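Notes follow the structure.
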Amino acid sequence: MEYLKQILKSNKIEMGNVKEITDIFEMLGNQQELKNIFKKINKYLENLEAEYSVWEYNRDKDIQLLMFNGDKDKKEGYLNNQHIFSKVQKNKKPLADFEAEGFNLMLPIISREEVVGYFCLHQNIELGDKWLNVYLIVQLLGFTLKYYEMIDLMKEMSVVDVITGLYNYRHFRLQIDLEVEKAKRFKKSLTLATMKVKDFDEINKKLGFEGGEQVLKLFGSTLKKISRKTDMPSRLNDEMFAILLYETDLQGAQKYIQRLERYLSEVPIVAQGYSFSLQLEHNLVEYSKLMSSEEFLEEAKKI
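The opening position of the sequence shown corresponds to residue 1 in full-length UniProt numbering, with each subsequent residue numbered one higher.
The following block contains the structure:
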């Protein structure tokens, strides 16, 4: 906010040590790339005059190194000490004096009562009044990591079905236009497979609403497992799913369906205490250049 800077300047107010912090907040407000924000935080942390590292604990439960100003050869060694990260994550409290493992101090970075990262010092130093720098940065990192996680989640949710984790109809509808154009231009085969879980209404009645959702979620996981990423496994509506098989003719699509049905027969679905094999109703339509993308999709929906 440039006007506020001008007010401070006109009143001869120096920001001093807080300037870097205000710059970081300004970058956050403009949703700048995380790597640029981390560069700024790194610059602020130079005041510590100590070896430090910052780690993210993301929603996939992976630990990733975000910042490190020490010996690069030590990185892997630090990451191998999973028991220290796990202990801090579990207790949500600092740990100190693990010098044998290369950590002098590990602070949990917490947002909304969840550990989202770790701030580590790798040297035994007297922080004194520099504890204020550490406090500000740990608080700022907690906000930053959670903020960008929420942004990523919102982006995902705009194209992903919440229950199954597959692409949603909106995204699939946009992509099918692109794939049809590619098939036309490069004269490639393109087959659309649509499918429903057979007798899903009966499954819903037997297992209840939550059980039905669980079945859909497990089926979605199966589709992802046996499909290529380029196949765009998607959920079109409550019961219908679709796979767009690029460079695949009808014969190849039939082999895909056979593989899917074989997997479903060999690996039972377990939901609400029941174990059973899913059966499918499906339709396969190979793209013809006489079709529009809309006609292609509508024809495939005729299960």
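In this text, a Cβ means the ideal position worked out from N, Cα and C, and glycines have one as well. Computed from a predicted model, the values in this text were never measured in an experiment.
**Request:** For V88, count neighbouring C-beta atoms within 10 Å of its own C-beta (all shown protein chains included) and say buried if the count is 16 or more, exposed if not.
**Result:** buried
**Item:** Where L174 sits in the DSSP three-state scheme
**Value:** helix
**Reduced DSSP secondary structure (H/G/I, E/B, other) of D60** = coil
**Prompt:** Between E247, N104, L278, which lies nearest to V180 when the distance is taken from Cα to Cα?
**Reply:** E247
**Request:** Can you tell me the Cβ-Cβ gap for L166 and P268, rounded? I've got them flagged as a contact below 8 Å.
**Result:** No, L166 and P268 are not in contact; Cβ-Cβ is about 21 Å, not under 8 Å.
**Asked** Below 8 Å between beta carbons: does that hold for E20 and K40?
**Response** yes
**Item:** Within 8 Å, strictly: CB atoms of L95 and G117
**Value:** no
**Message:** Please classify Y256 as buried or exposed, where buried requires at least 16 neighbouring CB atoms within 10 angstroms.
**Reply:** buried
**Prompt:** Alpha carbon to alpha carbon, what distance is there between Q272 and K61?
**Reply:** 26 Å
**Three-way DSSP call (helix, strand, coil) for M291 in this model** = coil
**Request:** Give a yes or no on contact between the stretch 126-135 and the stretch 143-160, applying the rule of three or more CB pairs nearer than 8 Å.
**Result:** no
**Prompt:** Quick one: what's K196 bridged to in DSSP?
**Reply:** M240, E281
**Prompt:** Using DSSP with H/G/I as helix, E/B as strand and the rest coil, what is S86?
**Reply:** helix
**Request:** State the DSSP-derived secondary structure class of R235, mapped to helix, strand or coil.
**Result:** strand
**Message:** Excluding the 5 residues flanking K289 on each side, which residues of the same chain have their C-beta closer than 7 Å to its C-beta?
**Reply:** K184
**Prompt:** H83: buried (16+ other C-beta within 10 angstroms of its C-beta) or exposed?
**Reply:** exposed
**Prompt:** To which residues does DSSP link T191 through a beta bridge?
**Reply:** L245, E286
**Message:** Cutting at 6 Å between CB atoms, please list the residues of its own chain near L105, excluding the five before and the five after it.
**Reply:** A96, L121
**Message:** I need the boundaries of the beta strand (DSSP E) containing S275, first residue and last residue.
**Reply:** 274-276
**Request:** Sort out for me which residues DSSP pairs E49 with in a bridge.
**Result:** Paired residue(s): none; E49 is not in a bridge.
**Request:** Have a look at V159 and Y274 and give me their C-alpha separation to the nearest angstrom.
**Result:** 31 Å
**Request:** Compute the Euclidean distance between the alpha carbons of F276 and N204, then round it to the nearest angstrom.
**Result:** 13 Å
**Request:** Could you pull the start and end residues of the alpha helix (DSSP H) that G77 belongs to?
**Result:** 75-79
**Message:** Using DSSP's beta-bridge definition, name the partner residues of L216.
**Reply:** In DSSP, L216 forms no bridge with anything.
**Message:** Need the endpoints of the beta strand (DSSP E) that L105 sits in, please.
**Reply:** 103-111
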